[in-house]
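Here's the structure we're looking at; comments come further down.
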Amino acid sequence: RIRQVRAYEILDSRGDPTVEATVELEDGSRGTAAVPSGASTGTHEAVELRDGDRHRFHGRGVLTAVAHVNTEIATCVRGMDAEDQAAVDQAMITLDGTANKARLGANATLAVSLAVAKAAASAHREPLYRYLGGAQSRLLPMPMINVVNGGAHADNPLDFQEFMIAPVAARSFGDAARIGSEVFHTLKRELAEAGENTNVGDEGGFAPDFRTADQALDHIVSAIEKAGYRPGGDVVVLLDPAASELFREGTYHYTGTDSVRSVEEHVEYLLTLIDAYPIVSIEDPVAQDDDEGWTQITTSAGAVCQLVGDDVFCTNPVLFGAGIRNGIGNSILLKPNQIGTVTETFDTAAMAARVGYTTVMSHRSGETEDTSIADLAVALGTGQIKTGSMSRSDRTAKYNRLLRIEAELGDHARYAGGSLLAAGTA
Ligand code: PGA
Ligand code: ZN
Numbered sequence: 003r004i005r006q007v008r009a010y011e012i013l014d015s016r017g018d019p020t021v022e023a024t025v026e027l028e029d030g031s032r033g034t035a036a037v038p039s040g041a042s043t044g045t046h047e048a049v050e051l052r053d054g055d056r057h058r059f060h061g062r063g064v065l066t067a068v069a070h071v072n073t074e075i076a077t078c079v080r081g082m083d084a085e086d087q088a089a090v091d092q093a094m095i096t097l098d099g100t101a102n103k104a105r106l107g108a109n110a111t112l113a114v115s116l117a118v119a120k121a122a123a124s125a126h127r128e129p130l131y132r133y134l135g136g137a138q139s140r141l142l143p144m145p146m147i148n149v150v151n152g153g154a155h156a157d158n159p160l161d162f163q164e165f166m167i168a169p170v171a172a173r174s175f176g177d178a179a180r181i182g183s184e185v186f187h188t189l190k191r192e193l194a195e196a197g198e199n200t201n202v203g204d205e206g207g208f209a210p211d212f213r214t215a216d217q218a219l220d221h222i223v224s225a226i227e228k229a230g231y232r233p234g235g236d237v238v239v240l241l242d243p244a245a246s247e248l249f250r251e252g253t254y255h256y257t258g259t260d261s262v263r264s265v266e267e268h269v270e271y272l273l274t275l276i277d278a279y280p281i282v283s284i285e286d287p288v289a290q291d292d293d294e295g296w297t298q299i300t301t302s303a304g305a306v307c308q309l310v311g312d313d314v315f316c317t318n319p320v321l322f323g324a325g326i327r328n329g330i331g332n333s334i335l336l337k338p339n340q341i342g343t344v345t346e347t348f349d350t351a352a353m354a355a356r357v358g359y360t361t362v363m364s365h366r367s368g369e370t371e372d373t374s375i376a377d378l379a380v381a382l383g384t385g386q387i388k389t390g391s392m393s394r395s396d397r398t399a400k401y402n403r404l405l406r407i408e409a410e411l412g413d414h415a416r417y418a419g420g421s422l423l424a425a426g427t428a
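Read left to right, the sequence shown gives residues 3 to 428 (the UniProt record's numbering).
The following block contains the structure:
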């Protein structure tokens with residue numbers, strides 16, 4: 003049973019404050035969890051409560067959310083059974099009373115939700131992935147490794163936010179991490195030789211002064227080859243244009259080339275990229291409120307490319323349900339802080355499984371050293387995880403956690419490779 007819940011402010015990878023909570027059970031077991039924070043957030047995400055007090059952290063303090071944990075939430079969940087995750091999460095949802103955690107803050111509820119799960123796992127003397135996923139949890143996800151940053155994650159003119167690679171042909175997660183690291187370093191050399199900047203962006207990928215996606219993709223494909231792998235065979239390419247950030251008044255604004263594309267032209271452009279490069283997955287190919295664009299891209303590319311909904315679904319069962327009815331996309335990104343509890347994240351994943359959408363566990367661009375999402379990916383058997391580049395400890399912490407899980411599982415570990423990509427694209 004839960005004896006005590008405490009929260010405090012810590013710093014995320016951008017140096018902004020975020021919420022960390024520690025839960026202590028009556029048997030002395032403890033769990034601690036910190037929540038991440040996005041930069042290109044979906045309009046309908048659960049509310050990340052910020053103080054707005056300009057005298058602290060430029061208004062980004064989270065002392066209100068922290069206070070909610072230390073007072074109302076602590077009182078509400080004290081004495082509850084930590085193993086009954088659904089009951090604890092439901093108690094917080096009811097206490098909050100809004101549809102989007104606007105009162106308590108999803109940063110408050112998620113910190114407690116994850117810390118409760120970790121404390122219960124500790125009481126069971128089980129790793130988090132096995133406690134949450136059961137004895138059969140042994141599928142290590144294919145990492146979508148970020149190698150080039152643009153959009154809201156870097157100060158370069160590149161419009162698309164994320165360019166990623168995935169070692170589909172690797173034999174194990176460790177093998178995938180090695181291949182990812184080799185390609186990452188080869189790309190660094192490749193960029194340096196081309197006279198490009200090799201500084202990294204928020205998610206640890208390089209942020210050269212490219213103006214078009216083609217420039218980034220040409221260098222990435224070249225780096226895959228130079229590292230000794232077959233583009234499309236051994237290592238595939240994945241995109242997150244984060245297109246909501248480009249969409250204004252019905253059109254897509256490409257600042258890198260100072261051009262505007264209609265919905266049709268934008269979708270057509272993505273189709274030419276899918277044709278020209280070994281791209282097997284595109285997240286948020288069109289904007290969250292561009293229903294027409296989502297229908298067009300799903301109709302024209304859904305059979306050959308995984309189309310992952312991030313901003314459009316926000317890990318929210320209601321939004322996801324509407325998307326499923328409208329036939330939008332074929333995959334969903336799972337970001338626990340978009341919805342605010344472990345239980346709801348699992349509910350959304352279960353929904354995806356029922357309707358045959360693939361799932362991708364995901365970090366945020368502002369992260370901490372918390373590695374819960376690595377365990378969640380294994381517990382849910384998502385088969386895919388997006389957690390940044392092969393640099394920055396906030397990103398490699400998740401990869402390292404997965405390496406440790408693989409080592410712990412030994413012969414029982416399985417690596418998903420491209421087997422769980424949507425649309426048989428692997
Ligand atoms: P965010 O970006 O965490 O800044 O929202 C990640 C994403 O768009 O997938
Ligand atoms: Zn995204």
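We put the beta carbon where it would ideally sit given N, CA and C, even for glycine.
The structure presented is a predicted model; accordingly, all values stated were derived computationally and were not measured.
What is the rounded straight-line gap between the Cα of residue 46 and the Cα of residue 224? 38 Å
What is the C-beta distance between residue 155 and residue 189, in whole angstroms, given that I count them as a contact (C-beta under 8 Å)? No, residue 155 and residue 189 are not in contact; Cβ-Cβ is about 17 Å, not under 8 Å.
Considering only residues of the same chain and omitting the five flanking positions on each side of residue 366, which have a CB-CB separation below 7 Å? 38, 39, 40, 337, 339
CA-to-CA distance, residue 393 to residue 182, given in whole angstroms: Cα-Cα distance, rounded: 11 Å.
Residue nearest to residue 381 in terms of C-alpha spacing, selected from 36, 33, 107, 120: 120
Between which two residues does the alpha helix (DSSP H) harbouring residue 353 extend? 344 to 357
Could you check which residue in 151, 424, 137, 145 has the C-alpha nearest to that of residue 305? Comparing Cα positions, the closest option is 424.
With DSSP collapsed to three states, give me the class of residue 70. helix
Does the stretch 121 to 138 touch the stretch 18 to 33, meaning 3 or more C-beta pairs lie closer than 8 Å? A contact between stretches requires three or more CB pairs, one per stretch, nearer than 8 Å, and the stretch 18 to 33 meets this requirement with the stretch 121 to 138.
Do you know offhand how far residue 428's Cα is from residue 330's? Any answer about residue 428 is weak, because its pLDDT of 48 lies below 50 and its placement is not dependable; what the coordinates show is given next. In a straight line, the C-alpha of residue 428 is about 21 Å away from that of residue 330.
Just curious, the beta strand (DSSP E) that residue 175 is in, first and last residue? Taken as a continuous stretch (DSSP letters only), residue 175 belongs to no beta strand (DSSP E), being part of the alpha helix (DSSP H) at 175 to 195.
For residue 244, is the beta carbon positioned less than 6 Å from some heavy atom of the ligand ZN? yes
Do residue 115 and residue 344 have their C-beta atoms closer together than 7 Å? With respect to residue 344, residue 115 sits close: the two C-beta atoms are nearer than 7 Å.
Heavy atom of the ligand PGA within 6 Å of residue 312 beta-carbon: yes
Considering Cα atoms alone, identify which of 373, 86, 274, 99 is closest to residue 22. 373
When burial is assigned at 16 or more other CB atoms within 10 Å of the CB, is residue 230 buried or exposed? exposed
Less than 6 Å between C-beta atoms, sequence neighbours within five positions excluded: which residues of the same chain meet that for residue 252? none
What are the boundary residues of the beta strand (DSSP E) that residue 279 is part of? That residue, residue 279, is in no beta strand (DSSP E); it is neither H nor E in DSSP.
What does residue 335 pair with, by DSSP beta-bridge criteria? 362
Collapsed DSSP secondary structure at residue 374 in the structure displayed: helix
Based on the DSSP secondary-structure assignment, which residues constitute the bridge partners of residue 147? 167
Tell whether a beta-carbon distance below 7 Å holds between residue 206 and residue 397. yes
Thinking just about the alpha-carbon of each residue, which of 137, 127, 68 is nearest to the one in residue 414? 137
Under the three-state DSSP convention, the category residue 330 falls into: coil
May I have the straight-line CA-CA distance separating residue 3 from residue 118, to the nearest angstrom? Computed Cα separation, rounded: 10 Å.
Exposed unless 16 or more other CB atoms sit within 10 angstroms - verdict on residue 20: Around the beta-carbon of residue 20, 16 or more other beta-carbon atoms lie within 10 Å, marking it buried.
When every heavy atom of the ligand PGA is checked, does at least one fall within less than 6 Å of the C-beta of residue 40? yes
Distance between residue 165 and residue 379 (C-alpha atoms, nearest Å): 21 Å
State buried or exposed for residue 151, treating a residue as buried only when at least 16 other CB atoms are found within 10 Å of its CB. buried
Quick one: is the Cβ of residue 286 within less than 6 Å of any heavy atom of the ligand ZN? yes
Status (buried if at least 16 other CB within 10 Å, exposed otherwise) for residue 60: Exposed.
To the nearest angstrom, how far is it from the Cα of residue 362 to the Cα of residue 287? Between the alpha carbons of residue 362 and residue 287 lies a gap of roughly 15 Å.
For residue 5, three-class secondary structure by DSSP: strand
Mark residue 29 as exposed unless 16 or more other C-beta atoms lie within 10 angstroms of its C-beta, in which case mark it buried. exposed
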